[in-house]
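**Student:**
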Amino acid sequence: MSPPSTPDSMDDLNYVLRQRREKLRTLREEGVEPFAYNFAPTHRSEAATERFQEAEEAEELTDAGQVAEEVAVAGRILSWRGHGKSAFAHIEDGGGTIQLYFRKNVLGDDAFEALDLLDLGDWIGVRGHLFRTRTGEVTVQVSASQILSKSLRPLPFGKVEEDEETGERIHHSGFSDQEGRYRQRYADLAVHPEVREVFRTRARIVSELRRFLDDEGFLEVETPALQPLYGGATARPFVTHHEALDRRMYLRIADELYLKRLIVGGMDRVYEIAKDFRNEGLSRFHNPEFTMLEWYQAFSDYEDQMELVERMVVHVADAVLGRRALEYQGETISLDPPFRRLRLVDALSDALGREVLDLSEDELRDEAKDRSLPELSGAGRGKLIDKLFGELVEPDLVQPTFVLDHPRELSPLAKPKRGEPRLTERFELYMAGMEIFNAFSELNDPLDQRDRFEGQMGLRAAGDDEAQQLDEDYIRALEYGMPPTGGVGMGVDRFVMLLTDQPSIRDVILFPTLRDPEG
RNA sequence: GCCCCGCUAGCUCAACUGGCAGAGCAACUGACUCUUAAUCAGUAGGUUCUAGGUUCGAUUCCUAGGCGGGGCACCA
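When we follow this note's numbering, the leftmost residue of the first sequence carries the number 6, and every step to the right adds one.
#1: Tell me which residue opens and which closes the beta strand (DSSP E) that Thr406 is part of.
#2: Do you know whose CA, among Arg423, Val203, His88, Pro405, lies nearest Tyr435's CA?
#3: Taking all protein chains shown into account, decide if Lys388 is buried (16 or more other Cβ within 10 angstroms of its Cβ) or exposed.
#4: Hey, which unbroken runs of the alpha helix (DSSP H) at 4 residues or more fall wholly within the stretch 39-87?
#5: Could you tell me which whole beta strand (DSSP E) segments of length 3 or greater appear in the stretch 210-259?
#6: Using a Cβ distance threshold of 8 angstroms, determine whether the stretch 461-472 contacts the stretch 294-304, with at least three qualifying pairs required.
#7: Assuming contact is defined by CB atoms lying nearer than 9 angstroms, are Leu194 and Ile152 in contact in what I supplied?
#8: Please go through the stretch 336-385 and give each complete beta strand (DSSP E) segment of 3 or more residues, from N-terminal end onward.
#9: According to DSSP, simplified to helix, strand and coil, what is Asp16?
#10: Alpha carbon to alpha carbon, what distance is there between Gly126 and Met15?
#11: Label Leu264 either buried or exposed according to how many other C-beta atoms from any shown protein chain fall within 10 Å of its C-beta, with 16 as the threshold for buried.
#12: So, under 8 angstroms CB-CB, Leu157 and Asp476 are touching, yes? Tell me the CB distance rounded to an integer number of Å.
#13: From the DSSP output, in three-state form, read off Gly176 for me.
#14: In the structure shown, what three-state DSSP assignment does Asn449 receive?
#15: Since Asn449 and Pro489 should fall inside the 8 angstroms C-beta cutoff, what is the C-beta to C-beta distance between them, to a whole number of angstroms?
#16: In its own chain, which residues sit with a C-beta less than 8 angstroms from the C-beta of Thr31, not counting the 5 before and 5 after it?
#17: Measure from the alpha carbon of Val403 to the alpha carbon of each residue in Arg346, Phe44, Glu336, Pro342, then state which is nearest.
#18: For Pro229 and Pro417, I'd like the C-alpha separation in whole angstroms.
#19: For the pair the stretch 26-45 and the stretch 61-73, tell me if three or more CB-CB distances fall below 8 angstroms.
#20: How about Ile258 and Phe290: do their beta carbons lie closer than 9 angstroms?
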């Protein structure tokens, strides 16, 4: 990793890097600047291919079978096949790949010799006429070429063979080391078009989420990521310090309490797409910083929000996938609403064969012990129910399922369930076993909210350092009056995982959090 | 934090029970003017993750550590 940052001690470079530096020096000696300032392509590779087909169909090709006007294309050299006095290459640009054909008698001796100084990975710009090779591939017959940037470090290109009959792409060698791919995402992206495609899809998904909410009359807002108090979720925060204010601050774990302050302020439909930060373990489903979409809609309850979520999922699926079913890691998942609804306590009661709400904390603990769930000493009723649910019910939630009406202890920001005060009006939407949405009829009674916060303070005093803090300013906001409001949080990364069939959250985050490689 | 698996050339991988560390691709030299995993001939390329230990001898066995992957826990 060190060569680029240390002064050139050529001795330390391995021979491949050394050779490329020598080519770089030769280019400069010949008066060629290997790091150009710009180039003006007339087409991206895809458009160039289309241009040829257009000319071909219109029967406008010259006698030599070429398009009359020259095109200019630029890209990174992916492959090179030299044949003495000619050569074929493929370059790749943002639009795909295109083949180049170099001939000594077209380019001239000097320009053809200069091709020796090119390597895989170099960026070049070329001009030339489009034609179709004997084997049928649209190709640029290069009349002039220019190096745009010298690659001094070999990219880990594999080779791809396309099966003529099935069109199947067979990968040879390649870059498959997970660690290398995450640490050097630039190299991963450079050699894996399919990885670039995942992130293109991610952008489309986020864009469709925005479009959907905008069309529903929501206003996109931005709230603080640096907060004097953290809240809106149960999680351990990242702690930092503001020097000038000499004050401890936290990176947000959720946007919730700020967005609801905006509802109090009369902004009756708001949303935010933001990074949240949680100081907890990493896993296939957890990255310390992740993207959350939250929205709040005045005058709605969680029933209304279930309907909105269904419409949102369908909107994105239609727009991005063009269908309402998908394959996730071998499972077929239908996105056709209405989604299944499952009351948490009913599902758990069925699994246990006993009425969950009638069980005492000790009885719940015994049930958990019977299923050899580990480390439950500190858990209260809410946590025990959550654990049991996670163990007994959650694994089955492959098809989209709204899990409803969580116990009050688990949901300090949710309104009590109408007619069942031990429960709250809350839902989580599970898909492919992942919790992707979480929503409430938002608690807007400031007195009840204070009681709930105080309950959390009790848990905190008992040693639960993830319990929520009492936010007096938020209570004050509620005292001014918050209309009935439905609010939803969505794990954007997980939703992207689902839609792009990626097994790990690291595969949908460009630069996932990793340990320090130095150790 | 715990368990399992992995770490060997730029990349992908071999190397029996502990016995000279190898191949394909990439690179380099040469041949080749419609190839596409181009082909053919040749050359070079290694701190076997790190530090100890056992041994005549360690990529291989042992101990500790690092990083990654998977699982569990934590957490959503």
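Using N, Cα and C, we set each Cβ at its ideal position, and we do this for glycine too.
**Tutor:** From the atom records:
#1: Its beta strand (DSSP E) spans residues 406-409.
#2: Nearest of Arg423, Val203, His88, Pro405 to Tyr435, Cα basis: Pro405.
#3: Under this definition Lys388 is a buried residue.
#4: Segments of the alpha helix (DSSP H) lying fully in the stretch 39-87: 50-62.
#5: Runs of the beta strand (DSSP E) lying entirely within the stretch 210-259, each at least 3 residues long, are 244-247, 252-256 in chain order.
#6: As far as the Cβ criterion goes, the stretch 461-472 does not touch the stretch 294-304, which means the pair count is below three.
#7: No, the pair does not count as a contact, with Cβ atoms beyond the cut-off.
#8: 336-339, 345-348, all fully within the stretch 336-385.
#9: Low confidence applies to Asp16: its pLDDT is 46, below 50, so where it sits in the model is not reliable enough to give any reading.
#10: Interpretation of Met15 is limited by its pLDDT of 42, a score under 50 that renders its predicted location unreliable; no figure is taken from the coordinates.
#11: Around the beta carbon of Leu264, a 10 Å sphere encloses 16 or more other beta carbons of the protein chains shown; the residue is thus reported as buried.
#12: Rounded, the Cβ-Cβ distance is 53 angstroms, inconsistent with contact.
#13: Sequence check: residue 176 is His here, not Gly. DSSP places His176 in strand when its eight states are reduced to three.
#14: DSSP places Asn449 in coil when its eight states are reduced to three.
#15: A Cβ-Cβ distance of about 6 angstroms is found for the pair Asn449 and Pro489, placing them in contact under the 8 angstroms criterion.
#16: Here the set comprises Leu122.
#17: It is Glu336.
#18: When only Cα atoms are considered, Pro229 and Pro417 end up about 22 angstroms apart.
#19: No contact exists between the stretch 26-45 and the stretch 61-73.
#20: Contact: no.
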